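Colleague: Read in order, the letters of the sequence shown are residues 4 to 126 in my numbering. Backbone N, C-alpha and C fix where the C-beta goes; we use that ideal spot for every residue, glycine too. Just so we're clear, the structure is a prediction, and the values are computed from it rather than from any experiment. For reference, the structure I am asking about is given below.
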Amino acid sequence: MITIVNMFGFFGNTTVPAPAPPPPKAENNILIYLFLFWIIVKMIEKHSNKSFGKITRHVKKWRESAKNKAGSTPLDEVVGLEGVKEEIKYYMDFINNKKKYSDWEVKLPKGILLAGPPGTGKT
């Protein structure tokens, strides 16, 4: 409220309501929301990296142990169906000698997908 005194002072003090403050600009609201969103994202990143880092450490250890074990048993020592073993050797030759087969314009396989029930040694 603003108090106005008449020029002659005859009528006493007159109060006039003050003008309402202008509403906040939309740009200010957007900046506030963007700032809050940024803070939330940073908090999520900070907390997820800790737990995610633990998971990746275990995966790295598993990969290293798998690399150490891989190739230690030749395919000749593996017990199984001889026809399947021959077919795997055929595809392994494709994968290991790409230059040999690329001259013949053969579409080379990118990998081998082994299927079967669990516990049958597909790895």
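Determine the direct distance from the alpha carbon of LYS110 to that of GLY104, and round the result to whole angstroms.
Modeller: The sequence shown places Tyr at residue 104, not Gly. Approximately 8 Å between the Cα atoms of the pair.
Colleague: Please report the straight-line C-alpha distance between LYS28 and GLU67, rounded to a whole angstrom.
Modeller: 57 Å
Colleague: Which value, in whole angstroms, describes the spacing of the CA atoms of ALA23 and LYS49?
Modeller: 43 Å
Colleague: Does at least one heavy atom of the ligand MG sit under 7 Å from the Cβ of LYS49?
Modeller: In the structure on display, the ligand MG does not appear, and there are no ligands present to speak of.
Colleague: Identify which residue in LYS63, PRO20, TRP107, PRO112 has its Cα closest to the Cα of GLU90.
Modeller: PRO112
Colleague: Just tell me which of ASN32, GLU108, ILE43, TYR94 has its CA closest to the CA of LEU117.
Modeller: TYR94
Colleague: Tell me where the alpha helix (DSSP H) around ILE98 begins and ends.
Modeller: 85-99
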